[in-house]
Each structure stands twice: as structure tokens, then as C-alpha cells.
Amino acid sequence: MSGIDLRASAGGIACFALSQNESRALMNEDYLAEQFELIEEYVRRARSIAARGEATFLQDPILIDAATRELTVLFETAHNIAKHILSSRDWQKAESKAAAFEILERHGVIEAGMSQAMRQAARFRNLATYQTTMINERTVFEILSRDVGDFEEFVGQVAHWIRASQTDTPSSNSV
């Protein structure tokens, strides 16, 4: 079961964008809501694979490949969110996928622990993409079982930051 209602978070984004003239033109609430929903779906799929158990997982190369893909698209979707925020705020351009999360941390969008978790996910994504023979199936299962909640928490922290940004804006800027 999800630790955060992603649809409610997406609704918070829509309210944020409509209340700030500056962000309305820059932050695409529909895009972010879509990305939040994709994370919710990918987390559901990842948990479904993990629920089959480690023994079944390790015996099935199709499950291993599916899990690797779900973890990769989870990261890519979180990275899409990070890139969108960086560009909409005209913050420093990230020199790497991992650096995007460091920049979000510096601006108070996500916490240090979340930044670290997303940087670890970036390393996994790079291995899965470029050095597939270096991926250990047990490690994939451990990540699948232990770490997919990080993506829900990432969405929660981003949604919280957006809501907090909304309250920081003077009412004279609202539509």
C-alpha cells in the first residue's frame, strides 16, 4: 500500500501553479501530475514482482529483467521531475542525473537522505543501462524489496515543497 496519496499530491501541484503567476508559466502541473502517477504505477508493478518472493524471482530471468526495467523507469521518472523543477526555477543545470538531486537538496526541495537515495538509484540505473552483466540478481531483488518506497517518499517531499512554496508567496501574486 502506498505511503502517500499521489493523486492528492498532484492536486496540490495544480493548486500551486494556479496561485503563482510566475510559476504558472514555468511549472507544468499536468506534466508533474502525470509523472507522479507514473511513479505510483511503477511502484505498484515493482511491488507485485517482489511479492512473488526471492526464490521465484531468482529462478525467472523474465522477472529479473522486468524488475530491472521497473527500477530503471522509476529512476528516470524521478529524474524527469527533478529536471522539470530545475528548469522551471531556472536553477543550475545538472551535469549528471545524480547531480540533479544534489541541486534539489541544496534548494530545500528534498532532504539529504533522499538526495543520497536518488544518487544511489542513479548508479543502479547506469549499471542497468550500460553494464548489464555487472547486475547481481539478488541485489536487484533487495532493491526491489527494500528501496522502491524511496520513490514514493521523493514524490511526497516534492509535493510538500510545492505546497510550502505556495504558502510562501504573497497573496497579491495569486490569480
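Residue numbers for the sequence shown follow this note's numbering, beginning at 51 and rising by one.
Every residue, glycine too, gets a C-beta built ideally from N, C-alpha and C.
Since this is a predicted model, take the numbers as computed values, not measurements.
### Message
Within the continuous alpha helix (DSSP H) that includes Lys-143, where are the two ends?
### Response
What you label residue 143 is simply residue 93 of the sequence shown in a count that begins at 1. Here Lys-143 belongs to no alpha helix (DSSP H), and DSSP marks it neither H nor E.
### Query
Under three-state DSSP, which class holds Arg-213?
For this step, residue 213 is matched to residue 163 along the sequence shown. Arg-213: helix per DSSP, three-state reduction.
### Query
Whose C-alpha, out of Ala-144, Ile-114, Trp-141, is nearest the C-alpha of Ala-178?
One-based indexing of the sequence shown puts residue 178 at position 128. Looking only at Ala-144, Ile-114, Trp-141, the smallest Cα-Cα distance to Ala-178 is reached by Ile-114.
### Message
Which residue marks the beginning of the alpha helix (DSSP H) containing Gly-103, and which one marks its end?
### Response
Within the sequence shown, numbered from 1, the residue matching residue 103 stands at position 53. Segment: none, Gly-103 is in no alpha helix (DSSP H) and carries neither H nor E.
### Task
Assuming Val-208 contacts Ile-160 (C-beta within less than 8 Å), just tell me the rounded distance between them.
As a first step, residue 208 is located in the sequence shown; it is residue number 158 there, counting from the start. As a first step, residue 160 is located in the sequence shown; it is residue number 110 there, counting from the start. That pair is a contact at about 7 Å.
### Query
Out of Glu-155, Ile-193, Thr-182, Val-198, which has the shortest C-alpha to C-alpha gap to Trp-211?
For the purposes of this step, residue 211 is identified with residue 161 of the sequence shown, where counting begins at 1. Residue Glu-155 is the option with its Cα nearest to Trp-211.
### Query
Going straight from the alpha carbon of Phe-204 to that of Gln-109, what length do you get?
To locate residue 204, count along the sequence shown from 1; it is residue 154. To locate residue 109, count along the sequence shown from 1; it is residue 59. Going by the C-alpha atoms only, they are around 31 Å apart.
### Query
Do you know whose CA, among Asn-176, Ser-137, Lys-147, Thr-118, lies nearest Arg-188's CA?
If you number the sequence shown from 1, residue 188 lands on position 138. Arg-188 has its Cα closest to that of Thr-118, out of Asn-176, Ser-137, Lys-147, Thr-118.
### Task
May I ask you to report which of helix, strand or coil DSSP gives His-157?
Reading the sequence shown from its first residue, position 107 is the one you call residue 157. Note: His-157 maps to coil in three-state DSSP.
### Query
Where Ala-171 and His-129 are concerned, what is the direct C-alpha to C-alpha distance, given to the nearest angstrom?
Stepping through the sequence shown from its first residue, residue 171 is reached at position 121. Stepping through the sequence shown from its first residue, residue 129 is reached at position 79. Answer to the nearest angstrom: the Cα atoms are 10 Å apart.
### Query
Met-164 lies in the alpha helix (DSSP H); which residues open and close that run?
The sequence position of residue 164 within the sequence shown is 114, counting from 1. Unbroken alpha helix (DSSP H) run through Met-164: 162-180.
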